[in-house]
Amino acid sequence: MKIQKIIALVFVSTLLFSCNFFTDNSPERVFELIGLNANKIPKSFERVFKEYYQQKQNGTLQALAEDQKSMRNSNCVDAVNFYYGNTFKEDIKKINALSKTEETEPIIKAAIDMFEYAQNIQTNDFPKIAKMIDDGKSEEEVLHAAKELDNAKGMELDKKYEKVMSLLLPYADKHGVEYKKF
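Just so you know, the sequence shown maps onto residues -23 to -1, 1 to 159 in mature numbering (1 follows the signal peptide of the UniProt record, and there is no 0).
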């Protein structure tokens, strides 16, 4: 009798986990992880660095203090690394953990490509422009570098974003996910 209970328990557990009963892979969750998190991607790197340049001039740049609870005055590189350094790492992990179906696989693949590209820009390119601010470069020089980043990698990022949305929005519509376009 005890063996039958164990076998039944193993069978039910296997069935529940294989059906993703304990994970939320609903269309709403797919949309939330991909569509809503895509809103964290800056639409204009030039605007981001204009704000950072102004904050540097005003002495209001901040980053997380060593106590990990409060903010402290910082240089621009530290501020950029704090606000943008790990923006998409958790999102990428969560998106990779979604169950891939024939329907969601192209969406997930395009999303990972987009978020990894954005993460790369924010990890590698943002600190270089932030260092220009810390080094006292003129606003024109900083904004020129940011505009060049917009024109080079920003345009490619826009293409990746459009690809994701061209897959995600019809999927959301098909499954009745409510959202607002701006």
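Glycine included, C-beta positions come from ideal geometry on N, C-alpha and C.
Query	Result
Between which two residues does the alpha helix (DSSP H) carrying residue 31 extend?	22 to 35
By alpha-carbon positions, which one of 8, 106, 2 and 77 ends up nearest to residue 52?	106
DSSP has residue 41 in a bridge; who is on the other side?	48
Whose CA, out of 89, 21 and 74, lies closest to the CA of residue 128?	21
Answer with buried or exposed for residue -18, where buried requires no fewer than 16 other C-beta atoms within 10 angstroms of its C-beta.	Caution is warranted here: a pLDDT of 44 is assigned to residue -18, below 50, making its placement in the model unreliable, and the coordinate value is therefore given only provisionally. Residue -18 should be labelled exposed.
Sort 124, 75, 134 and 115 by Cα distance to residue 93 and report the nearest one.	134
Taking contact to mean at least 3 C-beta pairs separated by less than 8 Å, is the stretch 63 to 73 in contact with the stretch 114 to 131?	no
If contact is defined by three or more beta carbon pairs under 8 Å, each pair taking one atom from either stretch, is the stretch 6 to 22 in contact with the stretch 132 to 148?	yes
Apart from the five residues just before and just after residue 116, which ones in its own chain have a Cβ nearer than 6 Å to its Cβ?	30
Considering only their Cβ atoms, is the gap separating residue 140 from residue 102 smaller than 8 Å?	no
Do residue 72 and residue 145 have their C-beta atoms closer together than 8 Å?	no
On the premise that residue 148 lies in contact with residue 4, defined as a C-beta separation below 8 Å, what is that separation, rounded to the nearest angstrom?	7 Å
With distances taken between CB atoms, is the gap from residue 75 to residue 10 smaller than 8 Å?	yes
Can you tell me which of 142, 8 and 27 puts its alpha carbon nearest to the alpha carbon of residue 114?	27
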